[in-house]
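The sequence shown lines up with residues 117 to 453 when you count with this note's numbering. Notes to accompany the following structure.
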Amino acid sequence: METSERLVQKIAQMPRVDLGHFPTPLEECPRLSEALAGPRIFMKREDCSGLAFGGNKVRQLTFTIGDAVAEGADTIIQGAASQSNHCRQAAAACGKLGLKCYLRLARDHKSILQGNLLLDNIAGANVEIVDVPFGPELDVVKYELAEKLKTQGLKPYVLAAPRSTALAAVAFTWCIAEISQQQQQLGIDADWIYTASVGGTQAGLVLGTKTLGLKMKPFGIAPIVWEGKFDRLRTAANNAAELLELDTQVTDAEIQNTDDYIGQAYGYLTPECIDALKLVAKTEGIFLDPVYTAKAMACLIDHIQRGKLGRDDTVIFLHTGGTPALFAYQEELVADL
117 METSERLVQK IAQMPRVDLG HFPTPLEECP RLSEALAGPR IFMKREDCSG
167 LAFGGNKVRQ LTFTIGDAVA EGADTIIQGA ASQSNHCRQA AAACGKLGLK
217 CYLRLARDHK SILQGNLLLD NIAGANVEIV DVPFGPELDV VKYELAEKLK
267 TQGLKPYVLA APRSTALAAV AFTWCIAEIS QQQQQLGIDA DWIYTASVGG
317 TQAGLVLGTK TLGLKMKPFG IAPIVWEGKF DRLRTAANNA AELLELDTQV
367 TDAEIQNTDD YIGQAYGYLT PECIDALKLV AKTEGIFLDP VYTAKAMACL
417 IDHIQRGKLG RDDTVIFLHT GGTPALFAYQ EELVADL
């Protein structure tokens, strides 16, 4: 078993770039707990990570772009949904570091020049909306673009699985080490950590808690239906363990993740997620995002109301950011006002 100090030392040996404000705060949410008549709730504020309105991808990009720079890349290629938080933070990171950024975004129902897509353009990324679904087919587009850019004398680096998810798991193993130290400072020992994830973020939480022997159990809320998600999560965690030279091995039995709060599809709001978003804003002055954290909070609220979590429990909610996307969902969010 590792200590948080030794784990941080191992992580510090990975190639990285300085992008964010770390450690991010871990703060209590007493009015939210009171409103829910539930457990003691703390929030890990990855939305306060500094770069471009913050978010969990700032921590991840610390290592993925660090990997790219170590390989001599001068160009970053990324692609996802049109309102991708990852793409917005990648564009900003490239601006900060003097790298070129190419984004290929899947056309969808929110391909409007608002929210994250607006920020991508303001940050100076080369942005193109493509008629290719978000997922493996979009990765093909990214790699084809990389080959084209090489002929123009550029040195591109493609952000894509499995490398990016393994490095994301490294990043959130680091996050767990931070949380472990913050728990000691606050005098708490959380039972659970809830987050919206179906990839490297949750993989790192699982790897980190097991490596440090923490009582805290990660619970993931999927924002999208992802075929083979347990294989994806396990592989990311174990690839990260290999990169960090840890003896820890993660099994499927140690991964808890639900699809129950996705709703109609990725990127479509649910009544419960809108209610959760508004409750947190009203009680704590914290804005969740509509696609990820609001659905994760809807799950946490449901678990409290159904008695899965009691008043004697302590839970950490990992706020993964994404708040600029709120502005692309104006119609849905004000429909009942």
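Beta carbons: idealized from backbone N, C-alpha and C, even for Gly.
What number of angstroms, rounded off, separates the C-alpha of residue i from the C-alpha of residue j?
| i | j | result |
| --- | --- | --- |
| Leu152 | Gly269 | 57 Å |
| Gln299 | Gln230 | 38 Å |
| Gly251 | Gln194 | 12 Å |
| Leu393 | Leu442 | 10 Å |
| Asp163 | Glu263 | 34 Å |
| Glu361 | Thr140 | 25 Å |
| Pro155 | Leu404 | 19 Å |
| Leu449 | Lys216 | 35 Å |
| Ala412 | Thr191 | 33 Å |
Who are the Cβ neighbours of residue i in its own chain at under 8 Å, not counting the five residues just before and after it?
| i | result |
| --- | --- |
| Val314 | Gly336, Ala338, Pro339, Ile340, Trp342, Lys345, Arg348, Leu349, Asn373 |
| Glu143 | Phe158, Met159, Arg161 |
| Cys203 | Gln194, Gly195, Ala196, Leu219, Leu221, Asn232, Asp236, Ala241 |
Let me check understanding here. Comparing Cα to Cα, which of the options lies closest to residue i?
| i | options | result |
| --- | --- | --- |
| Pro406 | Tyr377, Thr399, Val431, Arg427 | Tyr377 |
| Cys210 | Ala222, Val185, Ser200, Arg223 | Val185 |
| Tyr384 | Ile432, Ile295, Glu447 | Glu447 |
| Ile238 | Glu253, Thr267, Lys333, Ala208 | Ala208 |
| Glu370 | Ala381, Lys331, Glu358, Thr386 | Lys331 |
| Gly386 | Ala410, Val396, Gly401, Gly316 | Here residue 386 is Thr; the residue named in the question, Gly, does not match the sequence. Closest option to Thr386, Cα to Cα, is Ala410. |
Among the residues of its own chain, which have a CB less than 7 Å from the CB of residue i, if the five just before and after it don't count?
| i | result |
| --- | --- |
| Val366 | Val322, Leu323, Lys326, Arg350, Ala353, Asn354 |
| Asp255 | Ala276 |
Three-state secondary structure (DSSP) at residue i?
| i | result |
| --- | --- |
| Leu221 | strand |
| Ala312 | strand |
| Val248 | coil |
| Ala197 | strand |
| Lys266 | helix |
| Arg204 | helix |
| Ile420 | helix |
| Ile390 | helix |
| Leu234 | helix |
Residues in its own chain within less than 6 Å of residue i by CB, not counting five upstream and five downstream?
| i | result |
| --- | --- |
| Asp391 | none |
| Thr180 | Leu275, Ser280, Leu283 |
Just confirm the distance between the C-beta atoms of residue i and residue j, as a whole number of angstroms; I'd bet it's less than 8 Å.
| i | j | result |
| --- | --- | --- |
| Ala282 | Ala356 | 5 Å |
| Trp290 | Val124 | 7 Å |
| Ala444 | Ile245 | Not quite, the Cβ-Cβ distance comes to about 14 Å (not below 8 Å), so this is no contact. |
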